[in-house]
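First up is the structure itself, then whatever we jot down about it.
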Amino acid sequence: MSRIHVTTTINDDATEFLCEAEATLLDVLRDELGLTGTKEGCGTGDCGACSVTVDGRLVCSCLMLGAEAEGREIATIEGMAEGEDLHPLQKKFIEMAALQCGICTPGFLVAAKSLLERNPDPTEEDVRYWLAGNLCRCTGYDKIIRAVLETAADMRRAS
Amino acid sequence: MRYEAPRSVEEAVTALAGQTGAHVLAGGTDLLVKLRSEMIAPELIVDIKRIAGMREITAEEGGWRIGAAVSGAEMGEHEGLCADWPGVVEAAELIGSTQVQGRATIAGNLCNASPAADSVPAMVAASAVARIAGPEGTRDLAVIDVPQGPGKTALGPGEFITSIFLPPRGARSGDAYLRFIPRTEMDIAVVGCGISLSLDEAGRISGARVALGAVGPKVILVEAAAEALKHRALDAGALDDLATACARAATPIDDKRGTAEFRRHVAGVLARRVAVIAEARAKGDTA
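In the order they appear, the protein sequences are chains A and B.
Quick note, the first sequence lines up with residues 1 to 159 if you use our numbering.
Quick note, the second sequence lines up with residues 1001 to 1287 if you use our numbering.
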């Protein structure tokens, strides 16, 4: 079976890859492109560890075929920091210890960034509902929610 | 497995008709789970998102045509659709997480044919119509006639849904959807209820469509509930009769999500609450 040739943009870089029809975008990111920051948790769209954005829309990369990426703009956790400069959400997660084992963290960061781009002043309820599709078995969520709310407040003050 | 992303409805129909067991890919939030779990092993996946119009919501004859690949998130961001059919939009937005919302479609929710599909009772209450393309051409089929039982639809070989049409909202009318789940988010309906009401100038109900989900093998349109409400104000007596009609119409099973007895009761409870919201919206409440 011939592999599918896909031309896409990942973290603002023009990218080409070959994939099998069955390969998910998550498979391609991790196994073809070496972008292993995006994690596989459940593989069925329940846990959010594989969150990326496609044309600015938050999705689970495990629920999308690699072939569907043709012509789209993908953003992953690898594109979040500017070189050595961490994104404010990344800094705040570290400062407030909003992670333990870290498997869910890239997904939470990508999802939280997507929220703050749409809504710079979310309520706690907004944050909890937006992140309901990101599961964390370590933190109990509280530190994550507070880190997102504090980052939002910092970013509002800075702008 | 092969993947094709045709640019036209005709090419998609040809591809689907030419391969037994081919599957349509729109949002993929059910399809990819089935692929991964090996519930299905199709030779061909036909991605319909590159076909013109599939990702668009367009005004048509006073109503709205929603392309088969429009996601729940896109519906929720569409002001005109939210103003006319808030019940359909709120039902679509209950499906899954933010991530799932970014991809999941109401056409896919319908074709997956789960008895507990959230958007289906809301679409049935709204008298929604599915447009279906196939080898014999295009046909329109009422949404209520699409699901035939768990996992089964009325679509024939080579057919797929290209859009869902929501009719003109009409004056003094409103719709709403609620479901019962044991938590606040990310769960499957134990019971779902969608209601669309129209009021006359005196505020009495001139037309009602009441639909229940997850209390039978497919969505149930409760004709007796519509009859019970007709020409009445939505007072305590009318709400009692509505609840009774819904509890009677429900044909649920016992399963891990709830007992049949509980589901019948909840069908009535939800119908009361949904009717009150739909009436408030019919009277101009935009909350």
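Glycine residues also receive a C-beta, built at the ideal position from the N, C-alpha and C atoms.
None of the values given here were measured: they were computed from a predicted structure.
Out of B:1272, B:1168, B:1138 and B:1156, the CA that lies nearest to the CA of residue 1176 (chain B) is found in B:1272. Looking from the CA of residue 1240 (chain B), the closest CA among B:1259, B:1024, B:1060 and B:1269 belongs to B:1269. When CB distances to chain B are screened at a threshold of 7 Å, the residues of the segment 114-143 of chain A falling below it are 129, 130, 132 and 133, in chain order.
Taking the Cβ atoms as the reference, residue 143 (chain A) lies roughly 6 Å from residue 97 (chain A), within the contact range of under 8 Å. In the three-state reduction of the DSSP assignment, residue 1152 (chain B) falls in the strand class.
Rounded to whole angstroms, the gap between the alpha carbons of residue 1032 (chain B) and residue 1151 (chain B) is 15 Å. The secondary-structure analysis by DSSP pairs residue 93 (chain A) with nothing; it has no beta-bridge partner.
Look at residue 1172 (chain B) here: in three-state DSSP terms it is coil, with no helix or strand label. With its beta carbon less than 7 Å from one in chain B, residue 51 (chain A) belongs to the interface. With respect to the C-alpha of residue 67 (chain A), the residue from B:1047, B:1229, B:1080 and B:1235 having the closest C-alpha is B:1047.
Exclusion of the five residues before and after residue 124 (chain A) leaves 145 and 149 as the residues of its chain whose Cβ lies within less than 8 Å of its Cβ.
Shown here, residue 1191 (chain B) sits in a strand according to DSSP, grouped into three states. Residue 1003 (chain B) has B:1045 as its beta-bridge partners, per DSSP.
Flagged as an interface residue toward chain B: residue 57 (chain A), by a C-beta distance shorter than 7 Å. Contact between residue 1217 (chain B) and residue 1121 (chain B) is ruled out by a C-beta separation of about 14 Å, above the 8 Å threshold.
Neighbours of residue 48 (chain A) in chain B, taken as residues whose beta carbon is under 8 Å from its own, are 1097 and 1099 in chain order. Taken in chain order, the whole beta strand (DSSP E) runs of length 3 or more contained in the segment 1193-1255 of chain B are 1205-1213. The Cβ atoms of residue 1165 (chain B) and residue 1065 (chain B) lie closer than 7 Å to each other. Listed along chain B, the residues sitting closer than 8 Å to residue 4 (chain A) by beta-carbon distance are 1003.
Excluding its 5 nearest sequence neighbours in each direction, residue 1247 (chain B) has C-beta neighbours in its own chain below 7 Å: 1264, 1265, 1267 and 1268, listed in chain order. With respect to residue 110 (chain A), residue 51 (chain A) sits close: the two C-beta atoms are nearer than 7 Å.
Distance check between residue 1086 (chain B) and each of B:1274, B:1174 and B:1254 places B:1174 closest, using alpha-carbon atoms only.
Counting C-beta atoms within 10 angstroms of its own C-beta, residue 1040 (chain B) has fewer than 16 neighbours from the protein chains shown and is therefore classed as exposed. According to the DSSP secondary-structure assignment, residue 1051 (chain B) is paired through a beta bridge with no residue. Assignment of beta-bridge partners to residue 19 (chain A) by DSSP yields A:4. Here the segment 76-83 of chain A does not lie against the segment 1007-1027 of chain B, with fewer than 3 beta-carbon pairs under 8 Å apart.
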